[in-house]
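Heads up: the structure comes next, in structure tokens.
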Amino acid sequence: MRIAKDGTVHVSANAYVPDHRIDAFVIDNVPFIKRALFKLEALTSKKIEALTYTTGETMSILGMPVQLEVVETNEKAHIKFDGARLLSMFVKPGYTYEDKYKLMDIFWRQLGEKVFHHWAQVVYKRFQQAGIDVPMPTVKQQRMKSRWGSCTPTKELIKMNMRLLEGPQAYIEYVMIHEFAHFKYWDHSKNFHHLVAQFLPDWKERKKSLNLYFAHRP
Ligand SMILES: [Zn+2]
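Remember, the numbering used here sits 3 above the position in the sequence shown when you count from 1.
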């Protein structure tokens, strides 16, 4: 079986194989086909455009599509998010792209403080319950170019990449577990991955999916 670049599925079989056997084979492989098509779409879909902070744009917050609305105000600039579908930026007349970026950054930091701290507590509890002794770390957030997180055991510190806040929380959970596992093993050895798999059997798929998700985001 082969999936072409245009998304069509090709099955080759000997001429004597009855049609219903081929149908059954395709049906059996639906999960595989779905995964392959999903990957194909992610790889070939256009790169998502960077935000210009204009009304009508769509942004992604924790994996949810959220509409952006920019409203001019003479009050102090601020952001209102309804928690689901609409984010309103109240900006002063003459606000530049950089001003809007900085305003959004305050929003992201406030969100990150809540979300990363929440996941640190959840993962910490899971390690404790499994009898694995790890510290409750200080959690910091930062925009990073080349890594999703980092762990400094000597400082009991975990740093999370703020870009993760754009994607589904399943990715944050994966990165948090990965960084917590570094309290036990500093390297990416077999033991390390074994420990990660103990909490997240599907960590490999999540890692792939995470990199794919951000590969076509600005
Ligand atoms: Zn690592």
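Where a beta carbon is used, it is the ideal one built from N, C-alpha and C, also for glycine.
Using alpha carbons as the reference points, say which of the options lies closest to residue i.
| i | options | result |
| --- | --- | --- |
| residue 100 | 63, 57 and 116 | 57 |
| residue 98 | 71, 90, 117 and 75 | 75 |
| residue 181 | 166, 204 and 168 | 204 |
| residue 15 | 22, 23 and 4 | 4 |
| residue 153 | 130, 183 and 134 | 183 |
| residue 60 | 50, 66, 67 and 71 | 71 |
| residue 213 | 26, 43 and 174 | 174 |
| residue 85 | 104, 26 and 110 | 110 |
| residue 68 | 165, 171 and 131 | 171 |
| residue 80 | 116, 107, 65 and 219 | 107 |
| residue 66 | 202, 50, 88 and 77 | 88 |
Where does residue i fall in DSSP's three states?
| i | result |
| --- | --- |
| residue 51 | coil |
| residue 93 | strand |
| residue 115 | helix |
| residue 159 | coil |
| residue 165 | helix |
| residue 191 | coil |
| residue 5 | strand |
| residue 137 | coil |
| residue 34 | helix |
| residue 223 | Nothing about residue 223 can be reported from this structure: the residues present for the chain run from 4 to 221 only. |
| residue 126 | helix |
| residue 14 | coil |
Assuming residue i is part of the alpha helix (DSSP H), what are its boundary residues?
| i | result |
| --- | --- |
| residue 179 | 172-184 |
| residue 30 | 22-31 |
Which residues in the same chain have their Cβ closer than 6 Å to the Cβ of residue i, if we skip the five residues on either side of it in sequence?
| i | result |
| --- | --- |
| residue 92 | 73 and 82 |
| residue 138 | 159 |
| residue 53 | 221 |
| residue 63 | 169 |
| residue 145 | 162 |
For residue i, which residues in the same chain have their Cβ closer than 8 Å to its Cβ, ignoring the five residues on either side in sequence?
| i | result |
| --- | --- |
| residue 200 | 206 |
| residue 189 | 156 |
| residue 24 | 16 |
| residue 198 | 135, 184, 187 and 188 |
| residue 12 | 4, 5, 6, 29 and 36 |
How would you write the range of the beta strand (DSSP E) that residue i sits in, first residue to last?
| i | result |
| --- | --- |
| residue 208 | Not the beta strand (DSSP E): residue 208 falls in the alpha helix (DSSP H), residues 206-218. |
| residue 148 | No beta strand (DSSP E) holds residue 148; DSSP gives it neither H nor E. |
| residue 63 | 61-64 |
By Cβ distance, which residues of its chain are closer than 7 Å to residue i, with the 5 residues on each side in sequence left out?
| i | result |
| --- | --- |
| residue 142 | 119, 120, 123, 161 and 163 |
| residue 176 | 122 |
| residue 185 | 154 and 156 |
| residue 126 | 179, 180 and 183 |
| residue 32 | 4 |
| residue 167 | 151, 174, 175 and 178 |
May I ask whether a heavy atom of ligand 3 can be found less than 7 Å away from the beta carbon of residue i?
| i | result |
| --- | --- |
| residue 99 | Ligand 3 is not among the ligands present in this structure, which contains only ligand 1. |
Chain-ordered residues, beta carbon under 6 Å from a heavy atom of ligand 1 = 181, 185 and 191
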